[in-house]
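Inspection log for the structure reproduced underneath, given as structure tokens.
Residue numbers (our numbering): 3 to 436.
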């Protein structure tokens, strides 16, 4: 299985780890082996690849990372700053599930647990039917994740089940130069309602973390799924995420991604819609210093009478850089589609850079679609208005940028989560709410 690749230390160490652990979970051997074979054959993307032309991962894949986890003594006090009141939590420390720090409720109607527990229950067949079947394992980072998976979270909501409480998957890192590879599988059957959050916590001054996360989400007819990503990484963390969501007829999927840090962040969000569906994609990225974030989204309207709305906003300072690439496909059978996409950016520094590329590809003729992007500085008129009323320049700028971000934050339906994000964003902008 092992193949030596020049200048790709990540690949070499990953193949060694996969080979050593391939038998760790017997039920996953077949899927992991298939993914590992593809991963060994495929190269990591370069700037010569159209989808990665603005995101150079050469340094990322050439770095040395640890796959072996050292024992870590993490207490509830260490993570309390990341917990959210009223939100249930599954905690993973350095990639390993920690039952002592976790607090969640799994029921017959809404099953929530680790892959290990699910494979030892009546959920085994359902998990194996779906794990690795939705995200594309031919993509190197997806293939790496699938081939490496020994841990994960499985959420299964049975028909018409409603879970009022949100659930958070908290991935804690306390070891420097570590790779963690969170895996999430969500199956929401017909008529269900669920909400969940993904978040990382870098502790003990751990540096050089690589987070390679994959989520597979299937949404049944009339189901409603809320998916929130809070990415408040430190300036040494690199993060690659892939979310693959497939919607059955009359379903609703809301995805909100908030990014306030990270050395390099690449988010890939792909949604396919059935008939009479709603797909909502909302993002906010607040970058400073030399942070880099690349949001790639794809919405595939395959059936008629569906609606998608995408709003991504960016606020950049320092020498930070952001990429936005949003694609909307409207297939020939997808008549009566309504699809809207908007990317708006504010540059607070002459050294900050945004590359934005909204795209529409339409094969149907009875549709309503639009896309657009803006990049510019803060509007001088409201700034002048605030300064004229005695508000210092720094506070005026923070107030205006916070207002700019407001309609993204308001998309978060859970009040407790929304309040946490509001404070996080306000603090990042120098406009603390407390």
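Here a beta-carbon is modelled for each residue, glycine too, at the ideal position from N, C-alpha and C.
Selection from the options that minimises the alpha carbon distance to residue i
| i | options | result |
| --- | --- | --- |
| residue 348 | 302, 406, 398 | 406 |
| residue 173 | 188, 181, 202 | 202 |
| residue 282 | 262, 265, 149, 248 | 248 |
| residue 243 | 236, 186, 237 | 186 |
| residue 158 | 139, 399, 367, 119 | 119 |
| residue 171 | 261, 360, 231, 354 | 231 |
| residue 188 | 114, 36, 394, 78 | 114 |
| residue 227 | 262, 167, 263 | 167 |
| residue 303 | 199, 272, 192 | 272 |
| residue 125 | 160, 146, 291 | 160 |
| residue 142 | 332, 37, 177 | 37 |
| residue 241 | 380, 57, 34, 14 | 57 |
| residue 87 | 423, 401, 222, 66 | 423 |
| residue 270 | 79, 285, 417, 278 | 285 |
| residue 213 | 192, 76, 62, 277 | 62 |
| residue 383 | 395, 33, 84, 408 | 395 |
| residue 122 | 268, 429, 27 | 27 |
| residue 262 | 428, 330, 328 | 428 |
| residue 326 | 255, 356, 306, 236 | 356 |
| residue 81 | 412, 112, 215, 103 | 103 |
Three-state class that DSSP yields for residue i in the structure shown
| i | result |
| --- | --- |
| residue 126 | helix |
| residue 305 | coil |
| residue 360 | strand |
| residue 57 | coil |
| residue 20 | helix |
| residue 347 | strand |
| residue 15 | helix |
| residue 80 | helix |
| residue 209 | coil |
| residue 34 | helix |
| residue 71 | coil |
| residue 431 | coil |
| residue 331 | strand |
| residue 240 | strand |
| residue 459 | The structure shown does not extend to residue 459, since the chain spans only 3 to 436, so no value can be given for it. |
| residue 114 | strand |
| residue 139 | coil |
| residue 420 | helix |
| residue 27 | coil |
| residue 132 | helix |
| residue 85 | coil |
| residue 10 | coil |
| residue 425 | helix |
| residue 277 | coil |
| residue 46 | coil |
Rounded Cβ spacing between residue i and residue j (contact assumed at less than 8 Å)
| i | j | result |
| --- | --- | --- |
| residue 315 | residue 294 | With a Cβ gap of about 17 Å, residue 315 and residue 294 do not count as contacting. |
| residue 220 | residue 132 | 7 Å |
| residue 266 | residue 317 | Actually they are not in contact, since the Cβ atoms of residue 266 and residue 317 sit about 18 Å apart, beyond 8 Å. |
| residue 337 | residue 366 | 5 Å |
| residue 148 | residue 140 | Actually they do not touch by this definition, with Cβ atoms about 10 Å apart. |
| residue 155 | residue 92 | 6 Å |
Extent of the continuous alpha helix (DSSP H) to which residue i belongs
| i | result |
| --- | --- |
| residue 150 | 142 to 150 |
| residue 403 | 395 to 411 |
| residue 389 | 382 to 390 |
| residue 121 | 117 to 121 |
Residue i - containing beta strand (DSSP E), residue span
| i | result |
| --- | --- |
| residue 372 | 370 to 378 |
| residue 157 | 155 to 159 |
| residue 254 | 254 to 261 |
| residue 284 | 280 to 289 |
For residue i, the residue or residues it bridges with in DSSP
| i | result |
| --- | --- |
| residue 246 | 218, 272 |
| residue 340 | 309, 370 |
| residue 170 | 91, 199 |
| residue 326 | 297, 358 |
| residue 233 | 261 |
| residue 185 | 216 |
| residue 190 | 159, 221 |
| residue 228 | 197, 256 |
| residue 267 | 241, 295 |
| residue 180 | 68 |
| residue 165 | Answer by DSSP bridge pairing: none, since residue 165 is not bridged. |
| residue 204 | 175 |
| residue 415 | Looking at the DSSP assignment, residue 415 forms no beta bridge with any residue, so it has no partner. |
| residue 105 | 91 |
| residue 98 | 95 |
Check: residue i C-beta below 7 Å from any heavy atom of the ligand FMN
| i | result |
| --- | --- |
| residue 94 | This structure simply doesn't include the ligand FMN, nor any ligand for that matter. |
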